Amino acid sequence: MKSGTKPGLNRDYRLPASEGEMIFGTGDVTGNLTAVNSGWRTFRPVIDGGKCVRCLLCWVYCPDGVIGKEEKDLTVDYDYCKGCGICAHECPRAAISMVREVS
Amino acid sequence: MAIDYKNLSDRELIYGQKSCPGCGATIAVRLALKILGERTFVCLPACCVSATTNVYPETSFFVNNVVTAFPATGSTLAGMAAAAEMQGLEDVVILGVAGDGGTADIGLQALSGLCERNDNVIYLCYDNEAYMNTGIQRSSSTPWGAWTTTSPVGGTAKGETKIRKNLFDIIAAHRVPYCATASTSYPRDFMEKIAKAKNIRGARFIHIQAPCPTGWGYPAEKTIEYGRLAVESGLWYLAEYENGEVKLNLHPPKFKPVEFYLKGQHRFRHLTEEDYKVIEDQRDQEWALLEKKIKS
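Chains A and B are the protein sequences, given in the same order.
Residue 1 is where the first sequence starts when you use the working numbering, and the numbers rise one by one after that.
Residue 1001 is where the second sequence starts when you use the working numbering, and the numbers rise one by one after that.
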């Protein structure tokens, strides 16, 4: 369930091999994601499309902006969701449940 | 300007940053960039946002950003505004994002200069009420009674002993074109203020309260709940200063008891009933001052 409009992991990125390749500063481009945040999570939010009325409160309150609203049902980018649970806590219709991750 | 969530862009201009789960500061920056758009140049001093977005080799801002020295946000912004003007860039927004320490303590002199010169920038101060990035040290924005590592609890010590600085009044006293307070729990109000500030020329300042689960000591999912309780109990207010007049955006008809806000937080758990009374008295004094300003 990967949302199409969200930025994604830059899989082509390689760390500089030598001192000559290194750039000055913290990064050479804006928006270069080299690691996912999904490992931070203990619980994952699951949206029940049947209960959701698209009030978009979860979308606006999400600190990481992982909830996508382009498709018919709201989507979650599980690569960058940290599982904080704000969306489930604030949902007025209780349409989001936090499900424990299983390894 | 009315904000409709449906019409806002789904594109994220800050993404994949390494801030704590449930971070209020990230909500503030994300919503601000939603309104300001991609022609924004961001300036950050040492703060939570700069430390979590620029972790080598990762850069989580999808707009140009510069990380500057701790006291230099105001002066760097003034330079960026001058450069934009010299190059004839009319459609850009120069945005400064700093924490409460970098604004009220360390960056205050540069910010005061910026407001006096009326440089064409927006300054966003997200207030998590301590130096959270370095591990919860007190700042001049820490509320009375709060525990931090430098205002400890135990023996005769009962947390922070001083009343917080009122940054809104300080900046309004510079007679800037626009100055406002906001809260991450009231996103529509905040985004309307950002949209209003975008269309004004000159120094614009927005002070947003951003609850911090790590420093305040509450579960990550309650960030929005505590921000809302702060406003409902009168410990934070949503106001605007424009054309020499102070306007209140939300006046709770009756304040909620402060216990609701204070009890769940680790930093206030040592407070007793008498301390709640002290906090309520401070709140009433603050509101009396505010109401005087609104009437006159």
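We put the beta carbon where it would ideally sit given N, CA and C, even for glycine.
Computed from a prediction, not measured in an experiment: that's the story for all the values here.
So, residue i versus residue j, is the Cβ gap smaller than 8 Å?
{"i": "SER1183 (chain B)", "j": "TRP1236 (chain B)", "result": "yes"}
{"i": "GLU90 (chain A)", "j": "ILE1224 (chain B)", "result": "yes"}
{"i": "ILE1170 (chain B)", "j": "TRP1144 (chain B)", "result": "no"}
{"i": "VAL1067 (chain B)", "j": "LEU1044 (chain B)", "result": "yes"}
{"i": "SER38 (chain A)", "j": "CYS81 (chain A)", "result": "yes"}
{"i": "PRO1213 (chain B)", "j": "ALA1220 (chain B)", "result": "yes"}
{"i": "LEU1248 (chain B)", "j": "ILE1208 (chain B)", "result": "no"}
{"i": "ASP1046 (chain B)", "j": "TYR1126 (chain B)", "result": "At residue 1046 (chain B) the sequence reads Ala, which differs from the Asp that was named. Not closer than 8 Å, so no."}
{"i": "LEU74 (chain A)", "j": "CYS55 (chain A)", "result": "no"}
{"i": "VAL46 (chain A)", "j": "ILE96 (chain A)", "result": "yes"}
{"i": "LEU1124 (chain B)", "j": "ALA1028 (chain B)", "result": "yes"}
{"i": "LEU1031 (chain B)", "j": "PRO1187 (chain B)", "result": "yes"}
{"i": "ALA1203 (chain B)", "j": "ASP1119 (chain B)", "result": "yes"}
{"i": "ILE1136 (chain B)", "j": "ALA1197 (chain B)", "result": "no"}
{"i": "TRP1216 (chain B)", "j": "GLN1282 (chain B)", "result": "no"}
{"i": "PRO63 (chain A)", "j": "CYS1179 (chain B)", "result": "no"}
{"i": "ASP77 (chain A)", "j": "VAL60 (chain A)", "result": "no"}
{"i": "GLU1232 (chain B)", "j": "LYS1193 (chain B)", "result": "no"}
{"i": "VAL1042 (chain B)", "j": "ASN1064 (chain B)", "result": "yes"}
{"i": "LEU1238 (chain B)", "j": "LEU1229 (chain B)", "result": "no"}
{"i": "LEU1036 (chain B)", "j": "LEU1095 (chain B)", "result": "yes"}
{"i": "GLY1227 (chain B)", "j": "PRO1252 (chain B)", "result": "no"}
{"i": "ALA1172 (chain B)", "j": "VAL1278 (chain B)", "result": "no"}
So, at 7 Å on beta carbons, what are the nonlocal neighbours of residue i in its own chain, with the 5 sequence-adjacent residues on each side left out?
{"i": "LEU1271 (chain B)", "result": "GLY1145 and LEU1262"}
{"i": "ARG1039 (chain B)", "result": "ASP1091, VAL1092 and VAL1093"}
{"i": "MET22 (chain A)", "result": "PRO16"}
{"i": "GLY49 (chain A)", "result": "ASP73"}
{"i": "GLN1087 (chain B)", "result": "none"}
{"i": "TYR1276 (chain B)", "result": "VAL1258, GLU1259 and LEU1262"}
{"i": "ALA1110 (chain B)", "result": "PRO1071, ALA1072, THR1073, GLY1074 and SER1075"}
{"i": "ASN1054 (chain B)", "result": "VAL1067"}
{"i": "TRP1287 (chain B)", "result": "GLY1234"}
Spatial neighbours of residue i within its chain, please: CB distance less than 8 Å, with the 5 preceding and 5 following residues excluded, ordered by chain position.
{"i": "TYR13 (chain A)", "result": "ASN32 and THR34"}
{"i": "GLY1016 (chain B)", "result": "GLU1058 and SER1060"}
{"i": "CYS43 (chain A)", "result": "One detail in the question is off: residue 43 (chain A) reads as Phe in this sequence, not Cys. The residues are GLY83, GLY85, MET98, VAL99, ARG100 and GLU101."}
{"i": "THR5 (chain A)", "result": "GLY68 and GLU70"}
So, for residue i: in the same chain, excluding its five sequence neighbours on each side, which residues have a beta-carbon less than 6 Å away from its beta-carbon?
{"i": "GLY1159 (chain B)", "result": "GLY1145, ALA1146, TRP1147, SER1151 and VAL1153"}
{"i": "PHE1168 (chain B)", "result": "THR1181 and HIS1207"}
{"i": "LEU57 (chain A)", "result": "GLU90"}
{"i": "SER1019 (chain B)", "result": "THR1026 and THR1052"}
{"i": "SER1140 (chain B)", "result": "ALA1104, ASP1105 and LYS1165"}
{"i": "PHE1062 (chain B)", "result": "LEU1013"}
Taking only heavy atoms of the ligand GTP into account, decide whether any of them is closer than 7 Å to the Cβ of residue i.
{"i": "VAL1029 (chain B)", "result": "What this structure holds is no ligand at all, so the ligand GTP is not there to describe."}
**Prompt:** Which residues, in order along the segment 1177 to 1205 of chain B, keep a beta-carbon less than 7 Å from a beta-carbon of chain A?
**Reply:** PRO1187
**Asked** Residues in the segment 33 to 44 of chain A with C-beta within 9 Å of chain C's C-beta atoms, listed in sequence order?
**Response** No chain C appears in the structure shown, which is made up of the protein chains A and B.
**Asked** What are the uninterrupted segments assigned as alpha helix (DSSP H) that are 4 or more residues long and contained completely in the segment 1097 to 1129 of chain B, given in chain order?
**Response** 1108 to 1117
**Item:** Near-chain A residues of the segment 1124 to 1155 of chain B (beta-carbon distance less than 7 Å), N- to C-terminal order
**Value:** none
**Asked** Mind listing which residues of the segment 1214 to 1244 of chain B have their C-beta closer than 8 Å to chain A's C-betas, in chain order?
**Response** PRO1219, ALA1220, GLU1221, LYS1222, THR1223, ILE1224 and GLU1225
**Message:** With three or more beta-carbon pairs closer than 8 Å as the criterion, would you say the segment 1100 to 1114 of chain B touches the segment 1066 to 1085 of chain B?
**Reply:** yes
**Message:** Can you confirm whether the segment 1096 to 1110 of chain B touches the segment 1131 to 1144 of chain B when touching is taken to mean that 3 or more C-beta pairs between the two stretches lie within less than 8 Å?
**Reply:** yes
**Asked** Given a limit of 7 Å on CB to CB distance, which residues of the segment 66 to 84 of chain A reach chain B?
**Response** GLY68, LYS69, GLU70, TYR80, LYS82, GLY83 and CYS84
**Asked** Using a beta-carbon distance cut-off of less than 9 Å, what residues from the segment 1091 to 1116 of chain B approach chain A?
**Response** none
**Message:** Quick check on the DSSP output: what are the complete alpha helix (DSSP H) runs of length 4 or more inside the segment 28 to 90 of chain A, in order along the chain?
**Reply:** 57 to 61 and 86 to 90
**Asked** Which parts of the segment 1192 to 1259 of chain B are runs of the beta strand (DSSP E), unbroken and 3 residues or longer, counting only runs that do not cross its ends?
**Response** 1204 to 1209, 1239 to 1242 and 1245 to 1248
**Message:** Which residues of the segment 1002 to 1020 of chain B have a Cβ closer than 9 Å to any Cβ of chain A? Give them in chain order.
**Reply:** TYR1005, LYS1006, LEU1008, SER1009, ASP1010, ARG1011, GLU1012, LEU1013, ILE1014, TYR1015, GLY1016, GLN1017, LYS1018, SER1019 and CYS1020
**Request:** Give, in chain order, every unbroken run of the beta strand (DSSP E) that is at least 3 residues long and sits entirely within the segment 1008 to 1047 of chain B.
**Result:** 1040 to 1044
**Cβ-based contacts, 9 Å cut-off: residues of the segment 86 to 101 of chain A near chain B** = ILE86, CYS87, ALA88, HIS89, GLU90 and MET98
**Asked** Of all the residues that make up the segment 42 to 62 of chain A, which are near chain B by a beta-carbon distance shorter than 9 Å?
**Response** ARG54, CYS55, LEU56, LEU57, TRP59, VAL60, TYR61 and CYS62
**Message:** Against chain A, which members of the segment 1035 to 1058 of chain B pass a CB distance test of less than 7 Å?
**Reply:** ASN1054, TYR1056, PRO1057 and GLU1058
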